[in-house]
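Chemist: So the sequence shown is numbered by the numbering used here: it starts at 6 and just counts up by one.
Sharing a structure with you now.
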Amino acid sequence: MALRTVCIVDDDISFREALEGWVGSLGFATQSFGSAEAFLAVEIPPTIHCLVLDVQMPALSGLDLQAHLRATGHAIPIVFITSHSEPHHRTRALDAGAIGFLSKPFDRDVLMEIFKSIA
């Protein structure tokens, strides 16, 4: 049985690598990307469990990636983790279907509970 995959899209390499290690320790496969464009350049894994997105990235933002995925029929559970927690970003993300919006630094237990809640 293939491991479920958590994809991480964040332009901060140190955060991305740390999150990838922690998520991997929970028993998930991980794939990480330094930009929304890099994520879109690969085939979306069929075993994707969740997409963890940063809000502000160069070029295509996490919110723009969320809108693109939704417009193209991809119903991937999305959690935003950001150091730019603007109220209008949170509202936009959640209104568009994000299942979580966490501010850095975030409580890992909260993220783990979000992962567990995904069917």
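For glycine and all other residues, C-beta sits at the position ideal for the given N, C-alpha and C.
Treat the numbers as computed from the prediction; the structure is a model and nothing was measured.
1. Give me the Cα-Cα distance between Ala72 and Ala101, rounded to the nearest whole angstrom.
2. Name, in chain order, the residues that DSSP records as bridge partners for Ala34.
3. Since Leu74 is in the alpha helix (DSSP H), which residue starts that stretch and which ends it?
4. For Gly67, I'd like the list of residues in its chain whose CB is within less than 7 angstroms of its CB, leaving aside the five on either flank, ordered along the chain.
5. So what does Phe85 bridge to, in DSSP terms?
6. Quick one: residues in its chain with C-beta nearer than 8 angstroms to the C-beta of Leu8, no 5 flanking neighbours on either side, listed in chain order?
Modeler: In brief:
1. Numbered from 1 along the sequence shown, position 67 holds the residue referred to as residue 72. Numbered from 1 along the sequence shown, position 96 holds the residue referred to as residue 101. Roughly 7 angstroms separates the two Cα atoms.
2. Mapped onto the sequence shown, residue 34 falls at position 29. According to DSSP, Ala34 shares a beta bridge with Thr10.
3. Looking up residue 74 in the sequence shown gives position 69. Start and end: Gly67 to Ala76.
4. As a working note, residue 67 is residue 62 in the sequence shown. Around Gly67: Val14, Ala41, Leu58, Asp59, Val60 and Phe85.
5. Reading the sequence shown from its first residue, position 80 is the one you call residue 85. Bridge partners of Phe85: Leu58 and Phe106.
6. On the sequence shown, position 3 is the one that residue 8 refers to. Cβ neighbours of Leu8 beyond the five flanking positions: Gly32, Phe33, Ala34 and Thr52.
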